[in-house]
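Accompanying notes for the structure given below.
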């Protein structure tokens, strides 16, 4: 039998040891974690313009992703369309001050006037311009988000990439995994006679060839989440779109 | 490598005889943690949609189980009995965090895929079960082997289930597309398209299928080894 003193001593020493080891390991590996995370996010953004990259984004290595991304023009905007400079981004809590460092999950929780949004301008090897914006919303279990690329008219969708935190594999997770789903968005339009209409994910099959895509059977709530995320997310960007169009 | 191990054995009692071999092979068959002890079912349902996920999970569990057994066994005489469960939990949690941090640095996409399930190794009943049942009353070297054996026994079932689920659910194995309705799939492009009628059974991607697959595996295992039937 151990006395209470011995027990407390044992537990204290062990906890301290474990804490020191884990904290040390975390500190050593943190730069690698951050780099991995940044590259992962950049891949997701480039996935929206997958068709216009030199090779598909899954076949690029990390250095190539960084290189392509370094040529992208990054812009940060507010909901009223005004631009935010680097210091403004840093003031919002992102040390790097770039658009790609913005955490949309954090921004969602801020007040409307304080939210900042990333926007990217990608120029393909063929010299065409693509505007990429980021949207975020709610799926069935947790958050979903996506990057949407537009052609130069900021109306026709050039490509999208979606991701999710915890959607059901085989059902809601198909928004990320099933290329038959996300490729449907290519060529769809978001403006109807100058009014923002966004793209509707229709359960049971698209009825409109220009503004609707087929839903995923068994994943109605996730699909509705995508519809909602796109219409609300694109609305935030509308002043910015107008300012580009002039 | 092999020679240095032989030397170690003589010096520190790391012998590898019949009893030690049994520690490694028993959990693969007659004492399998999943099909016989029916432990660790929860993660077996969750991470078996893809072979690659199951493989990483299996390696992680082998590592955590082997080293938590080893550490617990070294400390077994000094761990106060009143708090032994908490001490075991701290050991397991620390090792799981090590796995998590390492995986995050080595393969970030897989880390994202497995996300919460790596953390849930802490609650994997196999690990707690082996610590209580074996490591608390046996010497370190044997406990270590017991951990590896049970980890592999768990991992093998995980991978078998994942192979079945990925093949029927996605027509692929470890990410290689084999059979399916479009030209991306290997069997359709290299031979003819006579297999084009095959469409994937989405049930196999969903969790309930793992329950059926594991149930059928247990059935097959017990018909093959009738002496296991009386255990439960």
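Residue numbers (our numbering), protein chains in the order written: chain A, 8 to 253; chain B, 711 to 942.
Just so you know, even glycine gets a beta-carbon here, dropped at the ideal spot from N, CA and C.
Residue pairing from DSSP leaves residue 852 of chain B without any beta-bridge partner.
Under a 10 Å Cβ-count criterion, residue 120 of chain A is classified as exposed, with fewer than 16 other Cβ atoms of the shown protein chains found around its own Cβ. Excluding sequence positions up to five before and after residue 248 of chain A, its CB lies within less than 6 angstroms of the CB of 161, all in the same chain and listed in chain order. Flagged as an interface residue toward chain A: residue 789 of chain B, by a C-beta distance shorter than 9 angstroms. Leaving aside the five residues that flank residue 226 of chain A on each side, the residues in its chain whose CB is nearer than 7 angstroms to its CB run, in chain order, 178, 179 and 181. By the criterion of a C-beta distance shorter than 6 angstroms, residue 140 of chain A is surrounded in its chain by 126, 155 and 244, once the five residues flanking it on both sides are discounted. Note that the region 163-173 of chain A touches the region 185-198 of chain A; at least 3 beta-carbon pairs, one per stretch, sit closer than 8 angstroms. In this structure, B:864 is the residue among B:929, B:864, B:916 and B:933 with its C-alpha nearest to the C-alpha of residue 767 of chain B. In this model, residue 859 of chain B and residue 805 of chain B are separated by some 18 angstroms (Cα to Cα). Residue 777 of chain B and residue 912 of chain B have their C-alpha atoms spaced approximately 38 angstroms apart. The beta carbon of residue 804 of chain B sits closer than 9 angstroms to some beta carbon of chain A. Annotated as proximal: residue 734 of chain B and residue 855 of chain B, with beta-carbon spacing under 9 angstroms. Taking 9 angstroms as the cut-off, the Cβ atoms of residue 135 of chain A and residue 158 of chain A count as close. For residue 158 of chain A, the closest Cβ of chain B is not nearer than 9 angstroms.
Residue 42 of chain A is bridged by DSSP to nothing; it lacks a bridge partner. Bridge pairing for residue 88 of chain A: absent [DSSP]. Taking all protein chains in view, the Cβ of residue 747 of chain B is crowded by 16 or more other Cβ atoms within 10 Å, so the residue is classified as buried. Our two residues, residue 54 of chain A and residue 725 of chain B, have alpha carbons roughly 54 angstroms apart in a direct line. Contact between residue 36 of chain A and residue 803 of chain B does not hold, since the beta-carbon distance rounds to 17 angstroms and is not under 8 angstroms.
A check of alpha carbon separations from residue 25 of chain A across B:799, B:852 and B:825 identifies B:799 as the nearest. Annotated three-state conformation of residue 198 of chain A is strand, per DSSP. The region 750-759 of chain B and the region 875-889 of chain B touch, with three or more beta-carbon pairs separated by less than 8 angstroms. Within the region 202-245 of chain A, the complete beta strand (DSSP E) segments at least 3 residues long are 207-209 and 219-221, listed from N- to C-terminus. Sequence-distant Cβ neighbours of residue 93 of chain A in its own chain, meaning closer than 7 angstroms and more than five residues away, are 104.
The CB of residue 912 of chain B comes closer than 7 angstroms to the CB of 177 in chain A, given here in chain order. By the 16-neighbour rule on beta-carbons within 10 angstroms, residue 742 of chain B is buried.
At a Cβ-Cβ threshold of 9 angstroms, residue 881 of chain B and residue 889 of chain B count as neighbours.
Considering only A:28, A:89 and A:232, the residue with the shortest C-alpha distance to residue 207 of chain A is A:232. Along the region 158-195 of chain A, the alpha helix (DSSP H) occurs as fully enclosed runs of 4 or more residues at 181-184 and 186-189, listed in sequence order.
Residue 836 of chain B is classed as buried because its beta carbon has at least 16 other beta carbons within 10 Å across all chains shown. The C-alpha of residue 76 of chain A lies about 7 angstroms from the C-alpha of residue 49 of chain A.
Shown here, residue 929 of chain B sits in a helix according to DSSP, grouped into three states. For residue 82 of chain A, there are no neighbours in chain B by C-beta distance under 9 angstroms, as the nearest C-beta there is about 26 angstroms away.
Looking at the backbone, the Cα of residue 867 of chain B and that of residue 739 of chain B are separated by about 10 angstroms.
Counting C-beta pairs with one atom in each stretch, the region 783-792 of chain B and the region 11-23 of chain A have three or more that are closer than 8 angstroms, which means they touch.
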